[in-house]
Amino acid sequence: MKTLKLTVVAATLFSTALLGMTTYAAEEETVAPEEPAAVNKDVSRKAQFVLEPGSDDNGPVDPIVPIKPPTNQKGNLTIDAVSNFDFGTKKIDKITSTYDAVLSDGEVLGAQVTDVRGTGAGWNLTAKISAFENADKTRILKGAEVTIPTGKVSTNSIDDSKPAVAQALTLNEKAETVFSAAKESGMGTWANEFEGLGEKVQLKVPTGNYADTYTAEITWSLADAPK
Numbered sequence: 001m002k003t004l005k006l007t008v009v010a011a012t013l014f015s016t017a018l019l020g021m022t023t024y025a026a027e028e029e030t031v032a033p034e035e036p037a038a039v040n041k042d043v044s045r046k047a048q049f050v051l052e053p054g055s056d057d058n059g060p061v062d063p064i065v066p067i068k069p070p071t072n073q074k075g076n077l078t079i080d081a082v083s084n085f086d087f088g089t090k091k092i093d094k095i096t097s098t099y100d101a102v103l104s105d106g107e108v109l110g111a112q113v114t115d116v117r118g119t120g121a122g123w124n125l126t127a128k129i130s131a132f133e134n135a136d137k138t139r140i141l142k143g144a145e146v147t148i149p150t151g152k153v154s155t156n157s158i159d160d161s162k163p164a165v166a167q168a169l170t171l172n173e174k175a176e177t178v179f180s181a182a183k184e185s186g187m188g189t190w191a192n193e194f195e196g197l198g199e200k201v202q203l204k205v206p207t208g209n210y211a212d213t214y215t216a217e218i219t220w221s222l223a224d225a226p227k
C-alpha cells in the first residue's frame, strides 16, 4: 500500500510565563489509495449441436388430443390419427334432414399430422369420400353429403407463429384440402379438432331414400408439399 504523508503546521498562541514562545504541532493525514484498473480476462468458446431430419422409420406418434383411431404410420411425415364418422340410426324423414356425428365419451373427431423432416417444405392433407352404399352394393344413399367444419388447431411445436391451417369442407369424390401447412410452417405435430370451435361434423340426407344400412369410405392423403 502506497501512503502519502502531508505535514500540516497548526499554530496556537499561548500567553504563559514563557511569553513570546510559539509552539507548533505537526499532524499526519493518510489518503486512501486508488483502486487498480480491472483487467479483462474473458474467454470465448463454442457450443455445437447437429440436428438431422427425423428417421424414415420413426415409430408412430401419440395424438396430442384424443383423436382415434391411430394410423400407426411410420416415417418423418405421417398421418398419426384420423377419425371415423358414425351418424347413428335415424328414421326416414319427410324432408331433407341433417344429422350430427355421434361421439363416445371422451372422443374427439379430427386428424393429426407430424412433420419431422426439418425442411419447412410444408404439407397438404386431403380427403375424398365414396358413395354411401349398402352391404351388397345394390343401393346408394342418394344425395348424401358429409361436411367437416373449420376445426381448432393445436400443436406441440415451439413455433406456433407459423401454424397449419384447417379448412371447412363438404366431402365428395374429388380429393379436397382439409388441413395444410404452407412453406416454412407446419413443422412438429399438428392436430385439427374438427368440432373444436363448436360446429359439428354432419351428414345431410334427402328424403326419398330406401331404408337400409349405408357405409361410405373416406380416403385421407398426405402430400409432402403445400397445395
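No gaps in the numbering here: position 88 of the sequence shown is 88 in UniProt numbering, and each next residue is one more.
Built from N, CA and C at the ideal position, the CB exists for glycine as well.
Every value quoted in this text rests on a predicted model; they were computed, and no experiment measured them.
With respect to the 8 Å criterion, Val165 and Ser180 are classified as neighbours on the basis of their beta carbons.
Restricted to the stretch 77-111, the beta strand (DSSP E) segments that are unbroken, complete and at least 3 residues in length are 77-82 and 97-100, listed in chain order. Nearest to Lys68 by C-alpha distance, out of Gly75, Phe85 and Asp57, is Phe85.
In the three-state reduction of the DSSP assignment, Val61 falls in the coil class. Around the CB of Gly208, fewer than 16 other CB atoms lie within 10 Å, so the residue is classed as exposed.
Per DSSP, reduced to three states, the secondary structure at Thr207 is coil, with no helix or strand assignment. Less than 8 Å separates the beta-carbon of Lys174 from that of Lys128. When the beta-carbon positions are compared, Ile64 and Thr189 come within less than 8 Å of each other. According to the DSSP secondary-structure assignment, Ile148 is paired through a beta bridge with Leu169. Membership of Lys128 in the beta strand (DSSP E) is indicated by the continuous run Trp123 to Ile129.
For Ser97, the CB contacts under 6 Å within the same chain, skipping 5 residues up- and downstream, are Val205 in chain order. Each of Ser83, Ile95, Asp93 and Lys94 was checked against the Cα of Leu103, and the nearest Cα belongs to Ser83. Approximately 6 Å separates the beta-carbon atoms of Asp80 and Pro70; this is inside 8 Å, confirming the contact. In chain order, Ala166, Gln167, Ala168, Leu197 and Glu199 place their CB closer than 8 Å to the CB of Thr150, counting only its own chain and leaving out the 5 sequence neighbours on each side. Sorting Thr219, Gly120 and Glu193 by C-alpha distance to the C-alpha of Glu107 places Glu193 at the top.
Ranked by Cα distance from Val116, the first of Glu52, Asn40 and Ala211 is Glu52.
By the neighbour-count criterion, in which a residue is buried when 16 or more other Cβ atoms sit within 10 angstroms of its Cβ, Gly122 is buried. Note: Thr155 is bridge-paired with Trp190 in the DSSP secondary-structure output.
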